[in-house]
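Chemist: In the working numbering, the protein residues as written are 66 to 220. Don't be surprised by glycine CBs; every beta carbon is placed ideally from N, CA and C.
1) What is the rounded straight-line gap between the Cα of residue 123 and the Cα of residue 76?
2) Check the DSSP bridge columns for residue 104 and list the partner residues they point to.
3) Do residue 103 and residue 151 come within 8 Å of each other at the CB atom, strictly closer than that value?
4) Can you give me the C-alpha to C-alpha distance between residue 109 and residue 82, rounded to a whole angstrom?
5) Distance check for residue 140 and residue 158, CA to CA, integer angstroms please.
6) Anyone know if the C-beta pair for residue 156 and residue 100 falls short of 8 Å?
7) Just mark residue 107 as buried or exposed, buried being the case when its beta carbon has 16 or more other beta carbons within 10 Å.
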């Protein structure tokens, strides 16, 4: 390879490394940022981080009707689901805001692929790279970022 080809490769690798650092920084910022969702006029407040992980849940005593525990339990469960979905929606918006400029990193080739980089190395440039994880994709669907089950767990 001649000198100019080597310089282009170095520039491309430097740009890829800079984009990876920006992605890591944005993901850390998302992990450190918390957003809230509410339901029932504030009777239930769910707090999730920017990656869609539930970090806090507050249920007001006013949501509890001691004379009808069965109905109260169902009502509180519905309010919790609605608050978590609202918080996840807010987290999805935050992800779009923070990760939007880095969308090329999760573009057509999949998360973390730098467009054109695989042409230089042949094959998938992202094999084994988990740093782009699901931060850009997770949490945008209401409730989907927490887990598949209503209680927030995954199977």
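Modeler: Well, looking at it:
1) 50 Å
2) Paired residue(s): 109.
3) yes
4) 43 Å
5) 27 Å
6) Contact: yes.
7) exposed
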